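J.: Just so you know, the sequences run in chain order P and R. Heads up: the first sequence runs through residues 1 to 112, numbered per my numbering. Heads up: the second sequence runs through residues 113 to 227, numbered per my numbering. Sharing a structure below in structure tokens format, with a few things to ask.
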Amino acid sequence: NAGVTQTPKFQVLKTGQSMTLQCAQDMNHNSMYWYRQDPGMGLRLIYYSASEGTTDKGEVPNGYNVSRLNKREFSLRLESAAPSQTSVYFCASTLTVNTEAFFGQGTRLTVV
Amino acid sequence: GDSVTQMEGPVTLSEEAFLTINCTYTATGYPSLFWYVQYPGEGLQLLLKATKADDKGSNKGFEATYRKETTSFHLEKGSVQVSDSAVYFCALSDPYAGNNRKLIWGLGTSLAVNP
């Protein structure tokens, strides 16, 4: 069972470069999420998609965009990377709003 | 709005010690409650859950009871092992939060177990 798959696992960017983090789930889940995790700050929600065709801002959306490409895939784009975006990024999915989340393995992003 | 508060870490214990990690919540309605665990270098994974008051979730020797009267969901384990060293997150999902429905997370509690 693949579950939630994120790519890439590691990435180093220069300030101002752009990149897209990919996420796919094979559990037929309706909702998908992008989080960032920084030391001492827990998980912070960047964007989420409650269902296919919808996306909403989370706590820290500035500097990011998302696309819910289809029910399986939810990508996160950094248009112009900044050092403050150095973090570990997690994608997650849930069947419905009241069910448990399944997480990807994370993407460790460093912006220099 | 909804929130989750869990005890700050790090928590350091010796092997076979008793573990409690406190978690309290505020919610509009009747949320589901979760504990997740994150081992070093990995993503989060569900440890246990409870969906209604007085439910007890359990897994891998860990337990937590959904206490509506105290709005708490404390995580306990009777005898920790070195392999339990990880970060533990408490979370809730409130189906009555309208358009703002999504998981609400605590900040995480780091646990280190020494041999």
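Just so you know, even glycine gets a beta-carbon here, dropped at the ideal spot from N, CA and C. All of these numbers come straight from a predicted model, not from anything done at the bench.
So within the region 22-109 of chain P, which uninterrupted beta strand (DSSP E) runs reach at least 3 residues, ignoring any that extend past its ends?
T.: 31-37, 43-49, 64-68, 74-78 and 87-94
J.: So, under 8 Å CB-CB, ALA194(R) and GLY220(R) are touching, yes? Tell me the CB distance rounded to an integer number of Å.
T.: Here residue 194(R) refers to the residue found at position 82 of the second sequence. Here residue 220(R) refers to the residue found at position 108 of the second sequence. In the sequence under discussion, the amino acid at residue 194(R) is Val, which differs from the Ala named in the question. Contact doesn't hold; Cβ gap of about 19 Å is too wide.
J.: Let me see if you follow: with CB-CB separation under 8 Å, is GLU154(R) close to chain P or not?
T.: As a working note, residue 154(R) is residue 42 in the second sequence. Cβ-Cβ to chain P under 8 Å: yes for GLU154(R).
J.: Using beta carbons (cut-off 8 Å, strictly below), is GLY173(R) in contact with chain P?
T.: The residue you call residue 173(R) lines up with position 61 of the second sequence. So, not an interface residue.
J.: Which one or two residues does DSSP pair with SER144(R) in a beta bridge?
T.: In the second sequence, the residue the question calls residue 144(R) occupies position 32. Paired residue(s): SER205(R).
J.: Is the beta carbon of GLY190(R) sitting closer than 8 Å to the one on CYS202(R)?
T.: As a working note, residue 190(R) is residue 78 in the second sequence. As a working note, residue 202(R) is residue 90 in the second sequence. Contact: no.
J.: Got a sec? Which residues, its chain only, sit under 6 Å from GLN37(P) by beta carbon, not counting five neighbours each side?
T.: Reading the first sequence from its first residue, position 37 is the one you call residue 37(P). Answer for GLN37(P): LEU43 and VAL88, listed in chain order.
J.: How would you label ARG77(P), buried or exposed, when you count the other beta carbons within 10 angstroms and need 16 or more for buried?
T.: The residue you call residue 77(P) lines up with position 77 of the first sequence. Exposed.
J.: Consider the Cβ of PHE146(R): report whether some Cβ of chain P lies at a distance smaller than 8 Å.
T.: For the purposes of this step, residue 146(R) is taken as the residue at position 34 of the second sequence. So, interface residue.
J.: Taking the continuous beta strand (DSSP E) assigned at SER170(R), which residues delimit it?
T.: Reading the second sequence from its first residue, position 58 is the one you call residue 170(R). 168-171 is the extent of the beta strand (DSSP E) around SER170(R).
J.: At a Cβ threshold of 8 Å, is THR157(R) touching chain P?
T.: Counting from one through the second sequence, the residue named residue 157(R) turns up at place 45. Before going further, note that residue 157(R) is Gln rather than Thr in the sequence given. Yes, because at least one Cβ of chain P sits closer than 8 Å to the Cβ of GLN157(R).
J.: Note down, in chain order, each residue of its chain lying with its Cβ closer than 8 Å to the Cβ of SER51(P), except the 5 sequence neighbours on either side.
T.: Position 51 of the first sequence, counting from 1, holds the residue named residue 51(P). The residues are ASN30 and SER31.
J.: Can you give me the start and stop residues for the beta strand (DSSP E) that GLU188(R) sits inside?
T.: Start at 1 with the first residue of the second sequence, and residue 188(R) comes out as number 76. For GLU188(R), the enclosing beta strand (DSSP E) starts and ends at 187-189.
J.: Check the DSSP bridge columns for LYS161(R) and list the partner residues they point to.
T.: As a first step, residue 161(R) must be located in the second sequence, where it is residue number 49. Its beta-bridge partners are PHE146(R).
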